[in-house]
Amino acid sequence: MDWLPLFIAFIFGLPIGSFLNVVIWRLPRNENIAFPPSHCPVCDAKIRAYDNIPVISYLILKGECRDCGAKITPRYPIVEFTTALLFALAWPLTGSALGWDFAAAIILTILGVAITGIDIDHRIIPDELSIGGLVVALILAPLRAGNWQGLLYAAIGAVLGAVLLYLVRVLGSAIFKKEAMGLGDVKLIAMIGAFVGWRGVLLTIFLASILGTFGGVIAIAASKKARKERLIPFGPFLMAAGLISFYYGETILRWYFDTFMEV
0 MDWLPLFIAF IFGLPIGSFL NVVIWRLPRN ENIAFPPSHC PVCDAKIRAY DNIPVISYLI
60 LKGECRDCGA KITPRYPIVE FTTALLFALA WPLTGSALGW DFAAAIILTI LGVAITGIDI
120 DHRIIPDELS IGGLVVALIL APLRAGNWQG LLYAAIGAVL GAVLLYLVRV LGSAIFKKEA
180 MGLGDVKLIA MIGAFVGWRG VLLTIFLASI LGTFGGVIAI AASKKARKER LIPFGPFLMA
240 AGLISFYYGE TILRWYFDTF MEV
């Protein structure tokens with residue numbers, strides 16, 4: 000394997016991850032994501048360029064603001080490193096950095112990281128990301144497929160995913176006598192469905208249910224807040240399952256049918 004392309008993709012992903020930290024912080028607060036420049040959330044001091052190097056600056060400053068000494072959440076380097084790692088993985092998993100599948104993988108990664116961070120912090124999924132991502136996915140669909148049938152496949156995936164999760168929302172709310180799932184998750188699965196198609200969106204919902212079950216149990220066991228509120232954001236599990244379906248969906252489905260559906 001040629002490691003240079005992976006290294007380049009990783010390095011390129013670091014500043015993108017840094018920008019996504021800004022999006023995660025500002026978008027739910029209805030703040031401009033471009034201005035003002037990055038600043039300390041405690042003392043409001045402008046962050047110098049040499050203190051804004053992804054991951055490295057956090058380690059050098061030991062997770063503290065240079066001006067006021069306030070502790071900075073480790074989420075910043077985690078988001079930066081995770082984004083860079085996912086960028087690097089997108090290269091070999093899609094086969095080329097010059098194809099439309101790679102472009103779709105990068106866009107889905109960017110949306111996924113931002114949505115995950117915001118949903119964990121605020122229990123919301125902004126329409127700017129989910130609906131915006133849906134539009135982008137529909138535009139990319141015929142380019143990825145090489146024909147207009149790709150658009151139909153993506154549209155069916157979006158509609159099917161949204162309908163199924165909306166039904167889960169209605170039934171869950173009726174059973175538990177409270178809102179079981181936000182509409183943000185319904186819009187999110189529509190976006191994911193447009194990226195992975197109807198077969199992929201079915202797999203995504205199945206995988207997200209499994210991941211959400213285990214993740215919810217772990218979160219409730221480890222977090223007092225989760226135990227008290229019993230509210231676990233489902234968006235991160237949908238995004239994780241969506242990425243798995245995007246890269247490995249056909250492989251997983253082929254294995255399933257070959258293993259369990261043979262006559």
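When you line the sequence shown up against numbering that gives the first Met the number 0, it's residues 0 to 262, in that order.
From the three backbone atoms N, C-alpha and C, an ideal C-beta is built for every residue, glycine too.
- About 5 Å separates the beta carbon of L150 from that of P141, a gap short enough to meet the 8 Å contact definition.
- Taking the CA atoms as reference points, I52 sits about 18 Å from F86.
- Residue pairing for E63: DSSP places it in a beta bridge opposite K70.
- Close CB contacts of W99 within its chain, under the 8 Å cut and outside five residues either way in sequence, are with L139, L142, R143 (chain order).
- Here DSSP, grouped into helix, strand and coil, assigns K177 to coil.
- Each residue's CA atom was taken as its position, placing R253 and T93 some 18 Å apart.
- F194 sits close to F245, with the two beta carbons spaced by under 9 Å.
- For L159, the closest of V185, A240, G131 by C-alpha to C-alpha distance is V185.
- A distance below 9 Å separates the beta carbons of L187 and I114.
- Rounded to whole angstroms, the gap between the alpha carbons of Y255 and G248 is 11 Å.
- Beyond the five residues adjoining it in sequence on each side, P76 comes within less than 6 Å, by CB distance, of V54, Y57 in the same chain, given in chain order.
- With respect to the 9 Å criterion, I32 and V21 are classified as neighbours on the basis of their beta carbons.
- Cβ-Cβ distances below 8 Å link A161 to V185, K186, I188, A189, G192 in the same chain, with the five nearest sequence neighbours on each side left out; the list follows chain order.
- A residue is called buried once 16 or more other Cβ atoms fall within 10 Å of its Cβ, and E30, having fewer, is exposed.
- CA-to-CA, the gap between A44 and F34 works out to about 14 Å.
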